[in-house]
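To keep things clear, I will list the structure first and then write my remarks on it.
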Amino acid sequence: MLENNYTSWLEALFQKGEKPYLQNHEALDYLKKIQSWYNAAIAGGGGAAIVGTVAAPPIALIGSLIGLTIIELSRRVDRLVSVIEELLKIDGITITPSVKTAEGIIDLFVMMPDRRCFAFALKSNKDSRVKWREDRQDFFAITPRKNKAARVKKWSDLIKTGQDLNVKTLAFKKEKSYLLKGSKNIITKAIVLTSKTTVDPNNDPALFVDFGQTTALRVHAGSYIYVLEQAKILDFLAPVEKS
């Protein structure tokens, strides 16, 4: 399966043998090296490209293992780099990308200085707005078109991402990973929309809830999951100010 193959590949990148996961700036630096390799490969550097100390596997091998193009892989890394750079503005935060569980990978696991925990899935869908249809129990992507009505297309992959994140987070807690530092706190689950993808402001107002120091869309996907734009992530993580 794609998820399992992708998991194995990222495990080779981020958790070599018994070594702990890369975190914070160390993880970001490593991801940027991978990002540079992808950029070189896309520009024509090919599978032989080596950036820094990162020897990347040949493109053909990657493709056969995980069924993704080099551009698709590059976008995944781009999303991680962009969000981690934003999160590092928070003092005392612990950011762990690409956390393996028995059910697949959690894109980002975050522990705040006050030990609040978050599991994030990162998604984007070009220049589109995301809308939840309660009657259809699914997400739709609304994409503007020049001189035409906006295109509305079901984005079922997003609800599946939410459902999968629930399953992965449950497995992560059961495995009692050292990343939890013994914490039994609830892990808040959220999908972070990156790049030009945004939450449609015309969603049902009842779906918007206060969280941290902002608002986010909250839908039920096995359990409650939040959907927010990357621009809101720092306010989402901020503790609620006591009056």
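Residues in the sequence shown are numbered consecutively from 13, following the working numbering. Where a beta carbon is used, it is the ideal one built from N, C-alpha and C, also for glycine.
Local Cβ density within 10 Å of residue i, reported as buried at 16 or more and exposed below that
i      : result
Val239 : buried
Glu256 : With the chain running from 13 to 255 in the structure shown, residue 256 is simply not present.
Pro125 : exposed
Arg148 : exposed
Asp41  : exposed
Pro156 : exposed
Ala133 : buried
Ile199 : buried
Lys193 : exposed
Arg91  : buried
Gly224 : buried
Ile83  : exposed
Tyr50  : buried
Glu30  : Note that Glu30 scores a pLDDT of 47, beneath 50, so its modelled location is shaky and nothing firm can be said.
Lys180 : buried
Asp176 : buried
Val252 : exposed
Ala243 : exposed
Lys172 : exposed
Val204 : buried
Ala202 : buried
Val221 : exposed
Glu241 : buried
Ala53  : buried
Anticipated Cβ contact below 8 Å, residue i with residue j, distance rounded
i      : j      : result
Gly174 : Ala250 : With 8 Å as the limit, Gly174 and Ala250 do not qualify as a contact, their Cβ atoms being about 23 Å apart.
Ile107 : Val93  : That belief does not hold up - the Cβ atoms of Ile107 and Val93 are roughly 12 Å apart, past 8 Å.
Ser110 : Asn178 : Wrong, their Cβ atoms sit about 18 Å apart, outside the cutoff.
Val89  : Leu43  : 6 Å
Ala218 : Phe248 : Contact flag wrong, Cβ pair sits at about 19 Å.
Ser86  : Cys129 : 29 Å between Cβ atoms; not a contact.
Trp144 : Asn215 : 6 Å
Ile102 : Leu246 : 7 Å
Leu170 : Val142 : 7 Å
Phe151 : Lys165 : That belief does not hold up - the Cβ atoms of Phe151 and Lys165 are roughly 10 Å apart, past 8 Å.
For residue i: DSSP bridge partner residues
i      : result
Lys165 : Ala153
Ile118 : Val111
Met293 : Since the first and last residues shown for the chain are 13 and 255, residue 293 lies out of range.
Thr210 : Arg141
Thr227 : Asp222
Glu241 : Leu205
His232 : Tyr236
Lys160 : Arg157
Leu134 : Val204
Ile199 : Cys129
Next item on the list: Please determine if the stretch 115-122 and the stretch 165-184 are in contact, where contact requires at least 3 C-beta pairs separated by less than 8 Å.
Entry: yes
Notebook entry, point to check: Are the stretch 134-141 and the stretch 202-221 touching, with three or more C-beta to C-beta distances below 8 Å?
Noted result: yes
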